[in-house]
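Peer 1:
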Amino acid sequence: VLVVKALASPDTSMPKKPQTLVVSPLRLSSQVVHVGQRLTVELTATNTSKRSGIGIVVLNYPEHLVSFMALHTVGQETTVQIPAAKSEPPAPATPATTAYQFLWSHRPTWGPGERLTVLISLVPRLPQDMTLHISVMLDDTPVPDASQRWSSLLRIPFY
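Quick note: the sequence shown uses this note's numbering, first residue 212, plus one each step.
1. I need the DSSP call for A357, collapsed to helix, strand or coil.
2. Compute the beta-carbon to beta-carbon distance between P338 and V268, rounded to the nearest angstrom, for a pair I have assumed lies under 8 Å.
3. Can you have a look at S260 and say buried or exposed, based on whether 16 or more other CB atoms are within 10 angstroms of its CB?
4. Could you give the first and the last residue of the continuous beta strand (DSSP E) run that contains G266?
5. Do L343 and L365 have their CB atoms nearer than 7 Å?
6. Where DSSP assigns a beta bridge to H283, which residues make up the other side?
7. Identify, in the order they occur along the chain, each residue of the same chain with its Cβ nearer than 8 Å to the Cβ of S316, setting aside the five sequence neighbours on each side.
8. Would you say I265 and D350 are within 7 Å of each other, going by their C-beta atoms?
9. Taking its Cβ as the centre, do 16 or more other Cβ atoms sit within 10 Å of T352, making it buried, or is it exposed?
10. For L343, report the span of its beta strand (DSSP E) as first-last.
11. Decide if V354 is buried, meaning its Cβ has at least 16 other Cβ atoms within 10 Å, or exposed.
12. Which same chain residues end up closer than 6 Å to R238 when comparing Cβ atoms and leaving out the 5 residues on each side of it in sequence?
13. Going along the chain, which residues of its own chain have a beta-carbon closer than 7 Å to the beta-carbon of V234, five neighbours each way excluded?
Now the structure itself:
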């Protein structure tokens, strides 16, 4: 499993903002993908600021590689997508493309010190490596400069 943090590089000309969004390392139920077997990814994010904000979680995934995808934010609703299987192969003149879909969840009020636990569950459809893009945002609407974002690419190999 390859995890790549995709954070913006710091701007050294501006004073550094305090880190108010702390995200734990990703935890996976398995280090490899197996067709038809569920894989679970879990993370915990904490609002360490002194203000409440809005929590937003976004997951981008390759639709054609999964037969089931769910995003659950503890205390919120679970969002499930069951991508439709393609009944016909693409026409020979059609260029190969990878369609990515997204799921998102939000916590309308994310209080200081509160933890947000995110569970992602997927069932691979094809024997192929896949990459997920996971983002967590702490939106402080009254003070937009205080908003923070964490983002990571998660590459899961198929064996």
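Just so you know, even glycine gets a beta-carbon here, dropped at the ideal spot from N, CA and C.
Predicted, not measured: the structure shown is a model, and the values here were computed from it.
Peer 2: On the basis of the data shown:
1. The residue given as residue 357 occupies position 146 in the sequence shown. Reduced to three states, the DSSP call for A357 is helix.
2. Counting from 1 along the sequence shown, the entry for residue 338 is found at position 127. Counting from 1 along the sequence shown, the entry for residue 268 is found at position 57. The pair is not a contact, with the Cβ atoms about 28 Å apart (cut-off 8 Å).
3. Working through the sequence shown from its first residue, we reach residue 260 at position 49. With 16 or more Cβ atoms within 10 Å of its Cβ, S260 is classed as buried.
4. Numbered from its first residue, the sequence shown carries residue 266 at position 55. Segment 264 to 273, the beta strand (DSSP E) holding G266.
5. As a first step, residue 343 is located in the sequence shown; it is residue number 132 there, counting from the start. As a first step, residue 365 is located in the sequence shown; it is residue number 154 there, counting from the start. For L343 and L365, yes; Cβs fall inside 7 Å.
6. Working through the sequence shown from its first residue, we reach residue 283 at position 72. According to DSSP, H283 bridges with T289, L330.
7. Here residue 316 refers to the residue found at position 105 when the sequence shown is read from its first residue. Here the set comprises I267, V268, L282, H283, T284, Q287, E288, T290, V329.
8. Position 54 of the sequence shown holds residue 265. Position 139 of the sequence shown holds residue 350. In contact: I265 and D350 (Cβ atoms closer than 7 Å).
9. Along the sequence shown, one-based indexing puts residue 352 at 141. T352 comes out exposed.
10. For the purposes of this step, residue 343 is identified with residue 132 of the sequence shown, where counting begins at 1. Taken as a continuous stretch (DSSP letters only), the beta strand (DSSP E) holding L343 covers 341 to 350.
11. In the sequence shown, counting from the first residue as 1, residue 354 sits at position 143. Result: exposed.
12. Here residue 238 is taken as the residue at index 27 of the sequence shown, counted from 1. Closer than 6 Å at Cβ, skipping near neighbours: E253.
13. By one-based count along the sequence shown, residue 234 stands at place 23. L254, A256, V347, W361, listed in sequence order.
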